[in-house]
Amino acid sequence: MCRKIIHLDLDAFFCAVEEVRNPKLAGQAFAVGGRPDKRGVVASSSYAARKFGVHSAMPMARAIHICPNLKIVTPDHNLYSELSKQVMAQLLKVTNLVEQVSIDEAFLDVTKIDEPIDILARRIQTTIQSELYLPCSLGIATNKLVAKIATDFGKSRSKTDGPPNAIHIVPPGQEAVFLEPLPVKALWGVGPKTANRLSKLGIQTIGDLAQWSELDLIRKFGKHGQLLALHAKGLDDQPVVTSHPIKSISRETTFTYDIREKEALQTTLKSLSIKVGAKLKAKQLLGSTIKLKLRYSDFTTINRQITLNHPTNDEEIIFNSVDKLFTTFWKHGQAVRLLGVGVCNLGLPIRQLELWASSPNKDQASEKEQRLHASVMELRSKYGNQILQWNKLED
Numbered sequence: 087m088c089r090k091i092i093h094l095d096l097d098a099f100f101c102a103v104e105e106v107r108n109p110k111l112a113g114q115a116f117a118v119g120g121r122p123d124k125r126g127v128v129a130s131s132s133y134a135a136r137k138f139g140v141h142s143a144m145p146m147a148r149a150i151h152i153c154p155n156l157k158i159v160t161p162d163h164n165l166y167s168e169l170s171k172q173v174m175a176q177l178l179k180v181t182n183l184v185e186q187v188s189i190d191e192a193f194l195d196v197t198k199i200d201e202p203i204d205i206l207a208r209r210i211q212t213t214i215q216s217e218l219y220l221p222c223s224l225g226i227a228t229n230k231l232v233a234k235i236a237t238d239f240g241k242s243r244s245k246t247d248g249p250p251n252a253i254h255i256v257p258p259g260q261e262a263v264f265l266e267p268l269p270v271k272a273l274w275g276v277g278p279k280t281a282n283r284l285s286k287l288g289i290q291t292i293g294d295l296a297q298w299s300e301l302d303l304i305r306k307f308g309k310h311g312q313l314l315a316l317h318a319k320g321l322d323d324q325p326v327v328t329s330h331p332i333k334s335i336s337r338e339t340t341f342t343y344d345i346r347e348k349e350a351l352q353t354t355l356k357s358l359s360i361k362v363g364a365k366l367k368a369k370q371l372l373g374s375t376i377k378l379k380l381r382y383s384d385f386t387t388i389n390r391q392i393t394l395n396h397p398t399n400d401e402e403i404i405f406n407s408v409d410k411l412f413t414t415f416w417k418h419g420q421a422v423r424l425l426g427v428g429v430c431n432l433g434l435p436i437r438q439l440e441l442w443a444s445s446p447n448k449d450q451a452s453e454k455e456q457r458l459h460a461s462v463m464e465l466r467s468k469y470g471n472q473i474l475q476w477n478k479l480e481d
């Protein structure tokens, strides 16, 4: 039995939500994002703004320059998250095989649903529009790769001034034919560097890539070459996964103005470490690799990491580790635009770490630790992260 996979993408999601909240924005050139005087970037742009070239990830100052009448709307991420949950709840009424891949995207496996796929897709689209007033586009194929590309293809062919509300179906057996004329960068795993390497080999389209043997692509690209060969033929056996393990936890901040004072930067690292540690504890996770992200004012970005002998969720250990990386790799006096702290290689603790190793009752020690951590987190939530710090006692 051929699989039936639907990829759903909410059209200009943040902007669509803002139009529901404020109907006067409909048809206007506006962008959701940060202020231009505070280094804000565009998170989402309306279709009217896109005509001027405004797009996501663009600096807001640049967006204002190319679209002087652009309205700027401050993001409301809590609202976006809530509406995203409502969309996913609607999809779960169709099938329990729903994989949310981002706040505005999901895959559905509807193989076992007998309803004709075109009618089912239109029903899903109509339900989300009528119940939540949100437009969406769908791609349908026998696998996730082609379904995702079908969504993008359908949206690109829309001739409306507003949301595309596209539905594009790739019939079973037509995957390679559908992909053949498309640019090779449409494939998963083909970023700018890979696209450039392929171009040097005379490969411009997915059809060009499909002409190469798997063996030759492996010789050129290693293990990645095998995936390229399969994907170029429209082959993808990835299942729709209903849950994903957390691979990393991180926090970062972009400064309103460049910072070059070491103490101020270390204070920020401390605050970020506390937030990461708190998240790890809330998820009951430990991590063994500590990561530093450092971006200078010229946008040069470095990422460095260190692996500990023992996994941790302790903010002091996280800070001490990331501070060592910072001290080693930061160019003294150079202005910093962004700092980030992350922890990866995560796992569940084998046992609770004991604050009172001498306690004769290990369960009691564990309970005391949990109560202590809960009290600390409650105080921090009320009065800020700096209200309490861990200090080691000297003998």
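In the numbering used here, the protein residues as written are 87 to 481.
From the three backbone atoms N, C-alpha and C, an ideal C-beta is built for every residue, glycine too.
Option nearest residue i by Cα separation, candidates the options
i	options	result
Val270	Pro257, Gly293, Ile199, Val180	Gly293
Leu183	Ile189, Asp190, Met174	Met174
Gly277	Gln260, Leu314, Pro267, Leu358	Leu314
Gly259	Leu287, Asn229, Thr246	Asn229
Ile152	Asn399, Ala115, Gln176	Ala115
Phe415	Asn406, Pro397, Asn431, Asn389	Asn389
Asp97	Val232, His330, Leu432, Ser242	Ser242
Asp123	Asp204, Thr342, Ala134	Thr342
Ser170	Lys309, Thr340, Ala102, Thr212	Ala102
Val408	Arg346, Gly428, Leu284, Gly419	Gly428
Cys88	Ile226, Arg107, Asp162	Ile226
Leu372	Gln312, Asn406, Glu401, Phe307	Glu401
His93	Ser167, Gly126, Lys361, Arg208	Arg208
Pro161	Asn395, Ser142, Gly120	Gly120
Val127	Lys286, Ala272, Gln176, Ile150	Ile150
Lys333	Cys430, Gln172, Arg107, Phe99	Cys430
Ser383	Phe100, Ile392, Ser131, Gln420	Gln420
Asp322	Ile158, Gln391, Ala233, Ser188	Ala233
His310	Ile289, Lys286, Thr280	Thr280
Arg381	Thr339, Glu347, Pro154, Leu224	Thr339
His163	Val187, Phe99, Leu224, Glu201	Phe99
Pro257	Leu287, Gly275, Pro202, Ser188	Pro202
Pro397	Ser374, Gly240, His418	Ser374
Leu206	Gln370, Glu185, Thr181, Ser188	Thr181
Gly426	His418, Glu168, Gln391	Gln391
Distance cut-off 8 Å: residue i Cβ against heavy atoms of the ligand GTP
i	result
Val103	Ligands displayed in this structure: none; no statement on the ligand GTP is therefore possible.
Contact check, residue i vs residue j, beta carbons under 9 Å
i	j	result
Val140	Ala129	no
Thr387	Leu424	yes
Leu265	Gly320	yes
Ala357	Ile404	Here residue 357 is Ser; the residue named in the question, Ala, does not match the sequence. No, these two residues do not count as a Cβ contact at 9 Å.
Asn399	Leu366	yes
Phe138	Leu111	no
Thr291	Leu268	yes
Leu432	Ile335	yes
Lys306	Arg337	no
Tyr204	Ile253	Here residue 204 turns out to be Asp, not Tyr, going by the sequence shown. Against a cut-off of 9 Å, the Cβ pair of Ile253 and Asp204 comes out as a contact.
Gln172	Ile210	no
Ile235	Ala272	yes
Ile376	Leu411	yes
Asp95	Thr237	yes
Glu105	Ser131	no
Where the alpha helix (DSSP H) through residue i begins and ends
i	result
Phe100	99-107
Asp50	Because the chain spans 87 through 481 in this model, residue 50 falls outside it and cannot be assessed.
Val326	Per DSSP, Val326 belongs to no alpha helix (DSSP H) and is neither H nor E.
Gly373	Counting along the chain, Gly373 falls outside any alpha helix (DSSP H), though it belongs to the beta strand (DSSP E) covering 372-382.
Arg136	133-136
Glu349	348-368
Delimiting residues of the beta strand (DSSP E) encompassing residue i
i	result
Leu224	222-227
Thr386	First-last for Thr386: undefined, no H or E at that position.
Gly119	116-119
Arg337	334-345
Val422	422-433
His141	Counting along the chain, His141 falls outside any beta strand (DSSP E), and DSSP gives it neither H nor E.
Gln95	This sequence places Asp at residue 95; Gln is not what is there. Run containing Asp95: 91-96, per the beta strand (DSSP E) assignment.
Tell me the start and end of each unbroken alpha helix (DSSP H) in the region 232-315 that is at least 4 residues and wholly inside, in chain order.
Here the runs fully enclosed are 261-265, 278-286, 292-296, 300-307.
Contact between the region 192-211 and the region 131-149: three or more CB pairs below 8 Å?
no
Report the start-end ranges of each beta strand (DSSP E) in the region 150-212 that is 3 residues or longer and not cut off at the edges.
157-159, 184-188, 191-195
Hey, is the region 293-309 in contact with the region 322-332, meaning 3+ C-beta pairs nearer than 8 Å?
no
Would you check if the region 249-263 and the region 216-229 touch, i.e. whether three or more CB-CB distances between them fall below 8 Å?
yes
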